[in-house]
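Chemist: Residue numbers (the working numbering): 1 to 288.
Just so you know, even glycine gets a beta-carbon here, dropped at the ideal spot from N, CA and C.
Here the structure is a predicted model, which is why all the values come from computation and not from measurement.
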């Protein structure tokens, strides 16, 4: 089954209207209508990620590489943060370059093997700021015999299963996170985080899962945040972690250069802040 057929079946499987799905998923209403009516041959990666997130399935399931239990789907009913950002292009670039080096292959050779334009492979390899087509990523992942998640999020997606202090398994993740300095701060009583788990990666960074002690009910109390080091311009992030008066705090972006501290409601300009991480994910804390 082609992934477009899977997506249409998923859309038909929900009782929500296209407008409801658009509001919750962040996908434009016209885009959803186009998918339903035209059955396009391809999708942009950001749309695919939002759809998978909305239906709480993996991209591998969305493209038909892993099975979906349609009878047990649990859709999201709360608006979610747009997780697609420039860091994904950087992860694809790093992963693809590693694969090409490992197989002693040039971008020209790969484009010929896959019958893809050289410019497409070049853009993926260089992390150009365009949203990749899903079909292109499927071809690359299939050729190198890796999951599409590993290509998009990096090798840590499939290499690590994180556990809490009780050895209970947490959801698999594979995004960059805040630098190692946070490891020292987690033992400081002034650091507003009640849980912090770290896994060292070859990228000289850590995967970090944290549980903030305050969020002004923006997220459920039983949820954890996924944080990465800032690789993109901080003003493009919706939520960030910054150091204010030697205390790490979570802030929400109000405009391009203005942030609000979620603890004090005080406004800060970008130049006033030492931003050390971007909140890029949220998942249920199943261990509480």
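Count the C-beta pairs between the segment 59-70 and the segment 4-11 that are closer than 8 Å, then say yes if the count reaches three, no if not.
Modeler: Judged by Cβ distances under 8 Å, the segment 59-70 makes contact with the segment 4-11, as three or more pairs qualify.
Chemist: Should the segment 37-53 be called in touch with the segment 112-128, which here means at least 3 C-beta pairs below 8 Å?
Modeler: Short answer: they don't touch.
Chemist: In angstroms with no decimal places, state the Cα-to-Cα distance between residue 50 and residue 147.
Modeler: Those two C-alpha atoms are separated by around 18 Å.
Chemist: Going straight from the alpha carbon of residue 141 to that of residue 151, what length do you get?
Modeler: About 6 Å.
Chemist: What does the Cβ neighbour count give for residue 71, buried or exposed, with the cut at 16 atoms within 10 Å?
Modeler: So residue 71 ends up on the exposed side.
Chemist: Quick one: what does DSSP say residue 131 is sitting in, helix, strand or coil?
Modeler: Correct three-state label for residue 131: coil.
Chemist: From the DSSP output, in three-state form, read off residue 119 for me.
Modeler: Correct three-state label for residue 119: helix.
Chemist: Going by C-alpha distance, which of 272, 92, 105 is nearest residue 133?
Modeler: Of 272, 92, 105, the residue nearest in Cα terms is 92.
Chemist: With 16 as the cutoff for other CB atoms within 10 Å, does residue 157 come out buried or exposed?
Modeler: With a pLDDT of only 34 at residue 157, under 50, the local geometry of the prediction cannot be trusted, and the value read off the model is given with reservation. Buried is the call here.
Chemist: Can you find at least 3 beta carbon pairs, one from the segment 102-111 and one from the segment 14-30, that sit closer than 8 Å?
Modeler: Flag = no, the segment 102-111 and the segment 14-30 do not touch.
Chemist: Starting from the Cα of residue 274, find the closest Cα among 45, 267, 254, 243 and give me that residue.
Modeler: The option with the nearest alpha carbon to residue 274 is 243.
Chemist: State the DSSP-derived secondary structure class of residue 292, mapped to helix, strand or coil.
Modeler: The structure shown does not extend to residue 292, since the chain spans only 1 to 288, so no value can be given for it.
Chemist: Run the CB neighbour count on residue 149, radius 10 Å, all protein chains shown included, and call it buried at 16 or more, exposed below.
Modeler: Answer is buried; the Cβ neighbour count reaches 16.
Chemist: How many Å lie between residue 25 and residue 54 at the Cα?
Modeler: C-alpha separation (whole angstroms): 6 Å.
Chemist: So residue 237 is in the alpha helix (DSSP H); what residue range does that whole segment cover?
Modeler: No alpha helix (DSSP H) contains residue 237, which DSSP labels as neither H nor E.
Chemist: Taking buried to mean at least 16 other C-beta atoms within 10 Å of its own C-beta, is residue 33 buried or exposed?
Modeler: Result: exposed.
Chemist: By Cβ distance below 8 Å, which residues in the same chain neighbour residue 52 in space, the five residues on each side in sequence not counted?
Modeler: Only 58, 59, 61, 62 meet the Cβ criterion.
Chemist: For a test of the three-state rule: what should DSSP assign to residue 249, helix, strand or coil?
Modeler: Of the three classes helix, strand and coil, the one that applies to residue 249 here is strand, per DSSP.
Chemist: Drop a sphere of 10 angstroms on the beta-carbon of residue 27, count the other beta-carbons inside from all chains shown, and report buried for 16 or more, exposed for fewer.
Modeler: Answer is buried; the Cβ neighbour count reaches 16.
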